[in-house]
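Colleague:
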Amino acid sequence: MTPVRTTVNGSAVAVQAVDANASLLDLLREQLNLKGTKQGCGSGDCGACTVILQDLGNNPRPRAINACITPAAAAQDKHVITVEGLADGDVLHPVQQALIDQHGSQCGFCTPGFVMALTAHSLADDAPKRCSREDIVAAISGNLCRCTGYWPIVSAGMMACGVGAAAQLSHLNGSAQNTEGHSALVTHAADAAHDYQIVHSESQLGQRLQAHAPGPASDAAPQLPVPTIIAGATDAWVAVNQALLQHESIIDISRIHSLKTITAKDGVLHIGACVTHTELLGYFSTAPQQSAAIQELLRRFGSPQVRNRGTIGGNICGGSPIADWPPVLLALDAVATLNSAGATRDIALGDFFQGYRQTSLMPGEYLASVAFDMPASWSQLSFDKISKRYEDDISSVCAAIYIDQQDARVRQVRIAYGGVAATPMRLPEIEALLVDRALADIDSVSLSAALAEILKPISDVRASADYRLQMATTLLLNRLAFERERG
Ligand SMILES: Cc1cc2nc3c(=O)[nH]c(=O)nc-3n(C[C@H](O)[C@H](O)[C@H](O)COP(=O)(O)OP(=O)(O)OC[C@H]3O[C@@H](n4cnc5c(N)ncnc54)[C@H](O)[C@@H]3O)c2cc1C
Ligand code: FES
Ligand code: FES
Numbered sequence: 111m112t113p114v115r116t117t118v119n120g121s122a123v124a125v126q127a128v129d130a131n132a133s134l135l136d137l138l139r140e141q142l143n144l145k146g147t148k149q150g151c152g153s154g155d156c157g158a159c160t161v162i163l164q165d166l167g168n169n170p171r172p173r174a175i176n177a178c179i180t181p182a183a184a185a186q187d188k189h190v191i192t193v194e195g196l197a198d199g200d201v202l203h204p205v206q207q208a209l210i211d212q213h214g215s216q217c218g219f220c221t222p223g224f225v226m227a228l229t230a231h232s233l234a235d236d237a238p239k240r241c242s243r244e245d246i247v248a249a250i251s252g253n254l255c256r257c258t259g260y261w262p263i264v265s266a267g268m269m270a271c272g273v274g275a276a277a278q279l280s281h282l283n284g285s286a287q288n289t290e291g292h293s294a295l296v297t298h299a300a301d302a303a304h305d306y307q308i309v310h311s312e313s314q315l316g317q318r319l320q321a322h323a324p325g326p327a328s329d330a331a332p333q334l335p336v337p338t339i340i341a342g343a344t345d346a347w348v349a350v351n352q353a354l355l356q357h358e359s360i361i362d363i364s365r366i367h368s369l370k371t372i373t374a375k376d377g378v379l380h381i382g383a384c385v386t387h388t389e390l391l392g393y394f395s396t397a398p399q400q401s402a403a404i405q406e407l408l409r410r411f412g413s414p415q416v417r418n419r420g421t422i423g424g425n426i427c428g429g430s431p432i433a434d435w436p437p438v439l440l441a442l443d444a445v446a447t448l449n450s451a452g453a454t455r456d457i458a459l460g461d462f463f464q465g466y467r468q469t470s471l472m473p474g475e476y477l478a479s480v481a482f483d484m485p486a487s488w489s490q491l492s493f494d495k496i497s498k499r500y501e502d503d504i505s506s507v508c509a510a511i512y513i514d515q516q517d518a519r520v521r522q523v524r525i526a527y528g529g530v531a532a533t534p535m536r537l538p539e540i541e542a543l544l545v546d547r548a549l550a551d552i553d554s555v556s557l558s559a560a561l562a563e564i565l566k567p568i569s570d571v572r573a574s575a576d577y578r579l580q581m582a583t584t585l586l587l588n589r590l591a592f593e594r595e596r597g
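Residues in the sequence shown are numbered consecutively from 111, following the numbering used here.
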């Protein structure tokens, strides 16, 4: 048995056995009988299952997450706060009281999720400065309500925002920090069909991957199952819930410190694979690496709940043709560093994507980081996303374009798209048509025709092939027009 510690609403909770493929929502509702947290979509889209996950200790960093797409075992050594934990005795949390005062709930199914998303917002250090209507809409962009309408919910969010100490859940913090003496809380049977391992260093990860590596066919020793690496699990757990995928063996790499760093050195930026989108939004919103293009990518990326757990490495390694980071990284000419036990190799991101959801990762390899030369000015990079819904939606088409121009002449250009082929793709043929040309001389008709020759998008539920081609063309022509205007 592997004893694991977790804390729920300030109290240690003992659970006999949790399956490796169970979600945190299963754990809360089915094993701990905390049914305030609701299940709606089971895929991170509705926010009904929102809870707060925070570290234990002095730097708790409370974050809203979707319990339905978070593995139960990922709560080890963390503090989970659910809607049941918010009231201090008979005194409701300011967010709960504001929802009552503003008539922000009708059937009530979505209400615990909204309460938790708004509470997480009110717990942020800078919450008092982020109480505008726009800020509150962003805070609840991962939550759906089908009957009340959003106006009273947003008003409640604005009312409760920035109430300071009253929102700080001090009745939970004292007990949550006292974790000494926790007994076995979440446990896995050693002989269980599935196992979930959290590794804390790259050397541990290397050892685990090596232990699971297939031996020679002649080897009589029993083979361990090939493990699935997960980071935030925002992609992997949708498959568990929706496709009923069961992982035999899971390695959780989200706590490896060396994979969670961002380093700028000699003009090159190195981003660890397990850096979350929320951490990246903080980084790219601060000078000197303030980038409007990357902020646009990240503000439109899923919801706060998804950004709080999802990582850049998971976005790349999922190999999705509509993932948002790969086009930006292709436009920045990024290089991926792939590690395995005792070996490391660099590969241009353009060579990393091999086919629909296929990457160059070999068995036993993992993505450690991506690196690129920082542009002389971040305004040389643009990112545009077309999706059916503005908030919390995956791209139908997205484009990332890097242009270095001087005296209205293109010196260097890199164009990359998502959603127009089986993989994210860069367009060297189109770049060749533009480089060394005066922006005023570029003929949009022949450029559109050249794009139509190269791009062969597919039709699916998100968009038709025709629409995708038109959008891809418009995004490029608009960017060139913008560059022409700024000269
Ligand atoms: C509601 C919702 C909204 C979303 N919105 C967007 C969006 O707007 N844009 C977008 O691009 N994506 C979106 N996604 C997809 C997903 O959230 C992102 O791709 C996210 O970055 C995945 O990161 P993760 O850490 O959660 O990956 P995981 O789910 O942990 O892993 C994804 C895949 O990558 C592998 N993997 C992860 N890390 C590594 C590593 N370091 N080395 C090797 N393999 C690894 C895993 O084995 C798995 O196959 C959304 C998902 C949901 C559920
Ligand atoms: S149940 Fe809909 S996001 Fe979790
Ligand atoms: S109150 Fe009914 S779904 Fe929101």
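Yeah, the Cβ is synthetic: ideal placement off N, Cα and C, and Gly gets one too.
So, for Arg-572: in the same chain, excluding its five sequence neighbours on each side, which residues have a beta-carbon less than 6 angstroms away from its beta-carbon?
Modeller: Taking the first residue of the sequence shown as position 1, residue 572 is located at position 462. Taken in chain order, the residues that qualify are Ser-506.
Colleague: Taking 6 angstroms as the limit between beta carbons, can you name the residues of its chain near Pro-238, skipping five residues before and five after?
Modeller: Against the sequence shown, residue 238 aligns to sequence position 128. Excluding residues within five positions, the ones whose Cβ falls inside 6 angstroms are Gly-272.
Colleague: Considering only residues of the segment 525-585, which uninterrupted alpha helix (DSSP H) runs meet the minimum length of 4 residues and lie entirely inside it, listed in chain order?
Modeller: List check, alpha helix (DSSP H) in window: 538-544 and 554-564.
Colleague: May I have all residues whose beta carbon comes closer than 7 angstroms to any heavy atom of ligand 3, sorted in chain order?
Modeller: Output, sorted by chain position: Ser-215, Gln-216, Cys-217, Gly-218, Phe-219, Cys-220, Thr-221, Cys-255, Arg-256, Cys-257 and Thr-258.
Colleague: Decide yes or no for the touch test of the segment 446-458 against the segment 486-497: beta carbon pairs closer than 8 angstroms, at least 3 of them.
Modeller: The segment 446-458 vs the segment 486-497: no contact.
Colleague: I want to check one thing, is the minimum distance from the CB of Asp-502 to the heavy atoms of ligand 1 below 7 angstroms?
Modeller: Here residue 502 is taken as the residue at index 392 of the sequence shown, counted from 1. At least one heavy atom of ligand 1 is nearer than 7 angstroms to the Cβ of Asp-502, so yes.
Colleague: Taking its Cβ as the centre, do 16 or more other Cβ atoms sit within 10 Å of Arg-519, making it buried, or is it exposed?
Modeller: By 1-based counting over the sequence shown, the position of residue 519 is 409. It is exposed - the Cβ of Arg-519 has fewer than 16 other Cβ atoms within 10 Å.
Colleague: Excluding the 5 residues preceding and the 5 following Glu-312 in the sequence, name in chain order all residues of the same chain whose CB lies nearer than 8 angstroms to its CB.
Modeller: Taking the first residue of the sequence shown as 1, we reach residue 312 at position 202. Closer than 8 angstroms at Cβ, skipping near neighbours: Ile-366, Ser-368, Leu-369, Asn-449 and Ala-478.
Colleague: Regarding Ala-353 and ligand 2, is the C-beta to nearest heavy atom distance less than 7 angstroms?
Modeller: The count along the sequence shown starts at 1 and reaches residue 353 at position 243. Flag unset: Cβ of Ala-353 not near ligand 2.
Colleague: Where the beta carbon is closer than 6 angstroms to any heavy atom of ligand 2, which residues qualify, in chain order?
Modeller: The filter returns Gln-149, Gly-150, Cys-151, Gly-152, Gly-154, Asp-155, Cys-156, Gly-157, Ala-158, Cys-159, Asn-176 and Cys-178, in chain order.
Colleague: Would you call the CB atoms of Leu-315 and Ile-372 closer than 8 angstroms?
Modeller: Taking the first residue of the sequence shown as 1, we reach residue 315 at position 205. Taking the first residue of the sequence shown as 1, we reach residue 372 at position 262. No, Cβ-Cβ distance for Leu-315 and Ile-372 is not below 8 angstroms.
Colleague: Do you know offhand how far Ile-363's Cα is from Asn-131's?
Modeller: Indexing the sequence shown from 1 puts residue 363 at position 253. Indexing the sequence shown from 1 puts residue 131 at position 21. Their backbone Cα atoms lie some 16 angstroms apart in a straight line.
Colleague: Short of 8 angstroms in beta carbon distance, which residues of its chain neighbour Ile-381, apart from the five on each side in sequence? Order them along the chain.
Modeller: Translated into positions along the sequence shown, residue 381 becomes position 271. Correct list, in chain order: Ile-372, Leu-390, Ile-422, Ser-479, Val-480 and Ala-481.
Colleague: Please name the residue in Glu-475, Leu-544, Ser-554 and Met-581 whose C-alpha comes closest to that of Leu-565.
Modeller: Numbered from 1 along the sequence shown, position 455 holds the residue referred to as residue 565. Comparing Cα-Cα distances from Leu-565 to each of Glu-475, Leu-544, Ser-554 and Met-581, the minimum goes to Met-581.
Colleague: If you drop the 5 nearest sequence neighbours on each side, which residues of the same chain put their C-beta closer than 7 angstroms to that of Leu-544?
Modeller: Position 434 of the sequence shown, counted from the start, is the residue given in the question as residue 544. Here the set comprises Val-520, Val-523 and Ile-552.
Colleague: So, for Ser-430: in the same chain, excluding its five sequence neighbours on each side, which residues have a beta-carbon less than 7 angstroms away from its beta-carbon?
Modeller: Within the sequence shown, residue 430 is the residue found at index 320, counting from 1. Within the same chain, Ser-430 has close Cβ partners Arg-467.
Colleague: Considering only heavy atoms of ligand 1, does any lie closer than 7 angstroms to the CB of Arg-419?
Modeller: Here residue 419 corresponds to residue number 309 of the sequence shown, with the count starting at 1. Within the cutoff, so yes.
Colleague: Helix, strand or coil for Lys-375, going by three-state DSSP, please let me know.
Modeller: As a working note, residue 375 is residue 265 in the sequence shown. DSSP places Lys-375 in strand when its eight states are reduced to three.
Colleague: With DSSP run on the structure shown, which of helix, strand or coil describes Ile-496?
Modeller: For the purposes of this step, residue 496 is taken as the residue at position 386 of the sequence shown. Looking at Ile-496 - three-state DSSP - the assignment turns out to be strand.
Colleague: If you draw a straight line from the C-alpha of Leu-319 to the C-alpha of Glu-358, how long is it?
Modeller: Position 209 of the sequence shown, counting from 1, holds the residue named residue 319. Position 248 of the sequence shown, counting from 1, holds the residue named residue 358. Whole-angstrom Cα-Cα distance: 14 angstroms.
Colleague: How is Ile-250 classed by DSSP in three states: helix, strand or coil?
Modeller: Residue numbering aside, residue 250 sits at position 140 when the sequence shown is read from its first letter. Note: Ile-250 maps to coil in three-state DSSP.
Colleague: Report all residues from its chain with a CB closer than 6 angstroms to the CB of Glu-501; omit the five preceding and five following residues, and keep chain order.
Modeller: Along the sequence shown, read from residue 1 onward, the residue named residue 501 stands at position 391. If we look at Glu-501 and ignore the five residues flanking it on each side, its Cβ neighbours are Ser-251.
Colleague: Closest to Ser-215 by C-alpha separation, out of Ala-183, Tyr-260 and Ala-230, would be which residue?
Modeller: On the sequence shown, residue 215 is found 105 positions in, with the first residue counted as 1. When each option's Cα is compared against that of Ser-215, the closest is Tyr-260.
Colleague: Just to confirm before moving on: does the CB-CB distance between Thr-147 and Thr-192 stay below 8 angstroms?
Modeller: Within the sequence shown, the letter at position 37 stands for residue 147. Within the sequence shown, the letter at position 82 stands for residue 192. Going by C-beta atoms, Thr-147 is nearer than 8 angstroms to Thr-192.
Colleague: Over what stretch of residues does the beta strand (DSSP E) that includes Asp-483 continue unbroken?
Modeller: For the purposes of this step, residue 483 is taken as residue 373 along the sequence shown, with counting starting at 1. First-last of the beta strand (DSSP E) with Asp-483: 476-483.
Colleague: According to DSSP, simplified to helix, strand and coil, what is Asn-351?
Modeller: For this step, residue 351 is matched to residue 241 along the sequence shown. Residue state, collapsed to three classes: helix.
Colleague: By how many angstroms is the C-alpha of Gly-460 removed from the C-alpha of Asp-187?
Modeller: Translated into positions along the sequence shown, residue 187 becomes position 77. Translated into positions along the sequence shown, residue 460 becomes position 350. Taking the straight line joining both Cα atoms gives about 38 angstroms.
Colleague: Would you grab the beta carbon distance between Ala-509 and Pro-437 for me? Rounded to a whole angstrom, and I think it's under 8 angstroms.
Modeller: The sequence position of residue 509 within the sequence shown is 399, counting from 1. The sequence position of residue 437 within the sequence shown is 327, counting from 1. About 7 angstroms; that satisfies the 8 angstroms criterion.
Colleague: Counting along the chain, where does the beta strand (DSSP E) carrying Arg-455 start and finish?
Modeller: Stepping through the sequence shown from its first residue, residue 455 is reached at position 345. Counting along the chain, the beta strand (DSSP E) containing Arg-455 begins and ends at 453-458.
Colleague: Any idea which residues DSSP pairs Phe-394 with across the strands?
Modeller: As a position in the sequence shown, residue 394 is number 284, starting the count at 1. For Phe-394, which the question treats as bridged, DSSP gives no partner whatsoever.
Colleague: Once you ignore the five residues that flank Ser-153 on each side, which residues in its own chain have a CB closer than 8 angstroms to its CB?
Modeller: Counted from its first residue, the sequence shown places residue 153 at position 43. Excluding residues within five positions, the ones whose Cβ falls inside 8 angstroms are Cys-178, Ile-179, Val-348, Asn-351 and Gln-352.
Colleague: Hey, Ser-133 and Ala-185: beta-carbon distance below 8 angstroms or not?
Modeller: On the sequence shown, residue 133 is found 23 positions in, with the first residue counted as 1. On the sequence shown, residue 185 is found 75 positions in, with the first residue counted as 1. Going by C-beta atoms, Ser-133 is not nearer than 8 angstroms to Ala-185.
Colleague: On the CB-based measure, 16 or more other CB atoms within 10 Å of its CB, does Cys-427 come out buried or exposed?
Modeller: Working through the sequence shown from its first residue, we reach residue 427 at position 317. Classification for Cys-427: buried.
Colleague: What do you reckon, is the C-beta of Thr-533 under 7 angstroms from a heavy atom of ligand 1?
Modeller: Translated into positions along the sequence shown, residue 533 becomes position 423. No, since every heavy atom of ligand 1 falls outside the 7 angstroms radius drawn around the Cβ of Thr-533.
Colleague: CA-CA distance, His-189 and Thr-116?
Modeller: Locating residue 189 in the sequence shown gives position 79, where the first residue counts as 1. Locating residue 116 in the sequence shown gives position 6, where the first residue counts as 1. Looking at the two C-alpha atoms, the distance is approximately 6 angstroms.
Colleague: For Leu-355, which residues in the same chain have their Cβ closer than 7 angstroms to its Cβ, ignoring the five residues on either side in sequence?
Modeller: Position 245 of the sequence shown holds residue 355. Excluding positions up to five away in sequence, the list reads Ala-349.
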